[in-house]
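Protein chains in written order, with this note's numbering: chain S, 317 to 942; chain W, 7 to 203. Heads up, the beta-carbon is just placed ideally off N, CA and C, and yes, glycines get one too.
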């Protein structure tokens with residue numbers, strides 16, 4: 317089969333028109349190339365975000381120290397090697413924006429949705445390759461705009477990554493509220509366009525372009541996760557666009573959607589009053605909460621795939637995993653109020669939001685238990701991808717548990733805006749999602765570049781990152797419980813917070829170790845693209861469809877016909893099979909024909925497929941699609 | 007091997023149509039956000055926040071009538087294309103596009119009326135924020151209408167080139183669906199603005 321495929325491949329390549337450098341590497345419409353573009357841009361943005369975090373961690377640990385290199389690096393923002401307070405706020409803001417949107421939304425979802433959706437559902441490319449290309453280039457423009465904002469004279473936006481008005485709406489509020497904020501808003505507007513173009517494509521491809529036999533319930537959990545993620549994006553990013561539009565109007569035209577009576581130095585700052593800053597928070601968090609699941613769910617999907625493949629066991633509770641993703645997606649839209657418990661919200665409304673928030677623990681626990689039960693008594697292969705996935709499960713549990721505290725409206729009075737919050741979201745959203753992303757990179761690198769990453773460097777990368785992440789974020793819980801607020805420039809000025817100095821030093825040392833650990837990854841990644849060991853077609857003996865495509869990456873993914881799918885993606889270690897895996901695309905030659913049909917008649921999976929096609933037909937009828 | 011023709015899969019739904027539906031979903035969410043902001047901002051039962059209620063310009067009503075008429079013509083155009091009545095199809099698309107332009111003019115007149123009433127986009131008095139909302143909502147819808155008119159002209163040109171017929175309906179259906187979407191959207195926005203103030 318493989319030689320025939322290769323011949324067909326050559327034949328195909330001969331007749332394929334030669335692509336120029338620009339159409340192949342720059343304005344590429346091939347989903348595999350676009351995914352690499354997203355990944356490399358994401359890695360660059362991630363490096364910038366990481367360096368920013370190291371800079372402000374240094375400030376927090378040694379506030380009175382003068383770092384001469386900082387002046388070299390930052391110029392007037394660090395006169396005499398001491399970080400400027402306004403720039404500290406700018407660093408915190410841009411670090412958050414970069415990590416949330418540019419690395420963990422576009423870098424994670426953009427990379428793996430693009431790479432895996434067509435390959436795993438069996439499509440030649442995305443529904444609209446052109447829109448897909450636009451999606452990347454809008455993202456690129458957006459990244460450039462955001463980075464430019466760091467270099468302007470007044471500094472970047474500094475009101476926190478949530479850019480609450482009035483800090484973001486009043487140009488005079490702080491230095492970064494002027495041009496920096498304008499650039500931030502432009503960057504986010506471009507980013508929203510990029511996400512919508514991408515998300516629409518992902519949904520459309522998953523719904524419409526699955527290969528023969530790939531019913532919805534045979535899709536790998538990665539695809540389910542990307543699918544729900546894209547739905548969340550399509551439904552929530554327009555709301556952020558609305559919020560950003562009102563903010564732009566308030567800033568640039570003088571309307572007062574968000575601005576109420578504001579006094580600067582005792583003088584009424586504005587003529588335009590009557591607006592409500594809390595309105596912005598409602599609109600922002602209506603996106604903001606689904607956004608954290610937009611970040612987390614692709615990582616969870618990747619973990620399902622990696623854990624099942626490397627435990628050589630079917631994923632425990634496939635349907636439960638899908639339903640829990642659905643549950644998380646649905647609930648994520650009706651819990652935004654838990655970010656606003658102390659905005660003077662009606663206590664009754666607060667308790668509604670609280671109950672809904674706590675219910676999210678149920679699908680999340682289903683996922684955590686299913687990961688553990690998949691690992692239980694598995695034939696574990698500790699590849700770097702597997703370690704990162706197990707790391708994700710660890711962060712998902714330790715960070716998720718604190719979510720139950722924060723979701724409580726009464727406890728939130730003490731905990732809001734403290735380091736407890738910082739600890740919570742850095743573990744459950746930051747570290748967990750970035751570990752999912754690393755797991756994905758280590759697992760699918762052979763598919764992306766046809767080469768293997770170095771395992772030893774991968775192990776160093778994992779252990780150092782894992783230990784440092786806990787070193788940095790775990791102590792924050794205790795600081796938060798003691799009431800240390802987030803986003804403060806210098807803790808030595810307040811006696812109650814000064815006692816945490818040693819802990820701050822410990823956390824910064826942890827952060828430096830974590831930053832250092834990423835060098836292993838960066839070296840490994842860029843070295844292996846060119847010099848890594850050549851990959852075989854299916855290096856992990858995985859079941860899913862992407863490994864049936866040849867190692868040589870061709871436009872259209874498969875040289876001949878698109879393979880047909882015969883079974884679900886997680887049939888590992890079947891007792892009736894000699895090999896411990898049974899690819900989705902391999903026909904079962906041994907099974908007698910009668911048995912097969914009989915099975916298909918009785919199998920609930922097939923029944924569901926039939927039902928889903930009836931559902932689809934009904935939708936088509938209603939909407940007149942044909 | 008060489009002569010083997012690779013069988014390409016046929017997809018249940020045209021990808022561009024599905025993308026259009028998803029775009030309309032996203033767009034609806036944008037309007038949902040803006041309309042929700044309007045509702046949140048509106049005074050509560052005790053009338054605590056200041057809010058100017060005003061009659062919508064009469065031209066917005068004319069716009070509504072125009073947009074309903076244009077929905078009928080685009081429906082007829084779509085039906086004509088389905089029945090291969092190409093000449094009729096071409097004319098009906100053009101009529102719809104002209105009605106779309108009339109809608110724009112009518113909206114413009116409506117905005118003029120609002121300016122005459124001193125209900126501008128930026129207002130000195132905080133209670134006139136209601137007018138700012140009307141401006142935002144109508145302007146966002148206007149952007150969608152302009153997109154629709156461009157789409158209609160694209161369909162018209164293809165129709166002149168005889169590129170729209172029974173077997174080549176994708177562009178026609180997209181224009182048809184999208185125009186209904188902006189029409190229905192306006193109808194609901196008008197009702198909302200009319201009653202919600």
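Proximity below 8 angstroms, CB of residue i to CB of residue j
i              : j              : result
residue 500(S) : residue 412(S) : no
residue 889(S) : residue 879(S) : no
residue 552(S) : residue 602(S) : yes
residue 142(W) : residue 73(W)  : no
residue 455(S) : residue 354(S) : yes
residue 421(S) : residue 611(S) : yes
residue 397(S) : residue 383(S) : yes
residue 22(W)  : residue 176(W) : yes
residue 897(S) : residue 858(S) : yes
residue 609(S) : residue 559(S) : no
residue 136(W) : residue 58(W)  : yes
residue 514(S) : residue 448(S) : yes
residue 92(W)  : residue 186(W) : no
residue 768(S) : residue 851(S) : yes
residue 718(S) : residue 793(S) : yes
residue 704(S) : residue 786(S) : no
residue 806(S) : residue 379(S) : yes
residue 722(S) : residue 708(S) : no
residue 742(S) : residue 346(S) : no
residue 511(S) : residue 28(W)  : no
residue 275(W) : residue 105(W) : In the structure displayed, chain W extends from 7 to 203; residue 275(W) sits before or after that span and is not available.
residue 862(S) : residue 371(S) : no
residue 683(S) : residue 616(S) : yes
residue 784(S) : residue 739(S) : no
Residue i, buried or exposed, once every other Cβ within 10 Å from all chains shown has been counted against 16
i              : result
residue 913(S) : Its pLDDT being 46, under 50, residue 913(S) is placed unreliably by the model, and the measurement read from it follows with that caveat. Per the 10 Å Cβ criterion, exposed.
residue 9(W)   : Bear in mind that a pLDDT of 45 at residue 9(W), under 50, signals an unreliable position, so the number given afterwards is only what the model happens to contain. Exposed: under 16 other Cβ atoms inside 10 Å.
residue 686(S) : buried
residue 14(W)  : exposed
residue 102(W) : buried
residue 580(S) : exposed
residue 336(S) : exposed
residue 441(S) : buried
residue 414(S) : buried
residue 342(S) : exposed
residue 430(S) : buried
residue 156(W) : exposed
residue 16(W)  : exposed
residue 662(S) : exposed
residue 645(S) : buried
residue 839(S) : exposed
residue 697(S) : exposed
residue 814(S) : exposed
Contact belief for residue i with residue j at Cβ below 8 angstroms, rounded distance in angstroms
i              : j              : result
residue 628(S) : residue 715(S) : Not really, about 28 angstroms apart at Cβ, beyond 8 angstroms.
residue 647(S) : residue 671(S) : Not quite, the Cβ-Cβ distance comes to about 11 angstroms (not below 8 angstroms), so this is no contact.
residue 641(S) : residue 736(S) : No, residue 641(S) and residue 736(S) are not in contact; Cβ-Cβ is about 27 angstroms, not under 8 angstroms.
residue 188(W) : residue 151(W) : 5 angstroms
residue 748(S) : residue 711(S) : 4 angstroms
beta-carbon residue i near the ligand PLP non-hydrogen atom, thresh 7 angstroms
i             : result
residue 34(W) : The ligand PLP is not part of the structure shown, which contains no ligands of any sort.
Which residues of the segment 129-163 of chain W have a Cβ closer than 9 angstroms to any Cβ of chain S? Give them in chain order. 129, 130, 131, 132, 133, 134, 135, 138, 139, 141, 142, 146
Given a limit of 7 angstroms on CB to CB distance, which residues of the segment 875-892 of chain S reach chain W? Here the close residues are 876, 877, 878.
For the segment 57-103 of chain W, which segments carrying the alpha helix (DSSP H) assignment without a break, of at least 4 residues, lie completely within its bounds, in sequence order? 64-88
If you measure beta-carbon to beta-carbon, which residues of the segment 566-582 of chain S are closer than 8 angstroms to chain W? 569, 570, 571, 572, 573
For the segment 80-111 of chain W, which residues have a CB atom closer than 8 angstroms to at least one CB atom of chain S, in sequence order? none
Check distances from the C-beta atoms of the segment 700-715 of chain S to those of chain W and list, in chain order, the residues that come in under 7 angstroms. none
Name, going along the chain, the residues of the segment 459-486 of chain S whose beta-carbon falls closer than 8 angstroms to a beta-carbon of chain W. none
The segment 446-460 of chain S: which residues have C-beta closer than 9 angstroms to a C-beta of chain W, in chain order? 447
What are the start and end residues of each continuous alpha helix (DSSP H) run of 4 or more residues lying completely inside the segment 445-529 of chain S, in chain order? When DSSP assignments are scanned along the segment 445-529 of chain S, the uninterrupted stretches of alpha helix (DSSP H) that are 4 or more residues long and fall wholly within it turn out to be 445-467, 495-524.
Taking any Cβ of chain W, which residues in the segment 542-562 of chain S have a Cβ under 8 angstroms from it, in chain order? 550, 551, 552, 553, 554, 555, 557, 558, 559, 561, 562
Every unbroken alpha helix (DSSP H) within the segment 675-702 of chain S, with a cutoff of 4 residues, ordered by chain: 677-691
Could you list the residues in the segment 625-646 of chain S with a C-beta less than 8 angstroms from some C-beta on chain W, going in chain order? none
What residues from the segment 180-195 of chain W come within 8 angstroms of chain S, judged by C-beta to C-beta, listed N to C? Within the segment 180-195 of chain W, the qualifying residues are 183.
Which whole runs of the alpha helix (DSSP H) in the segment 777-806 of chain S are 4 residues long or more, in chain order? none
Whole alpha helix (DSSP H) runs in the segment 105-173 of chain W with 4 or more residues, listed along the chain? Counting only runs of 4 or more, we get 135-166.
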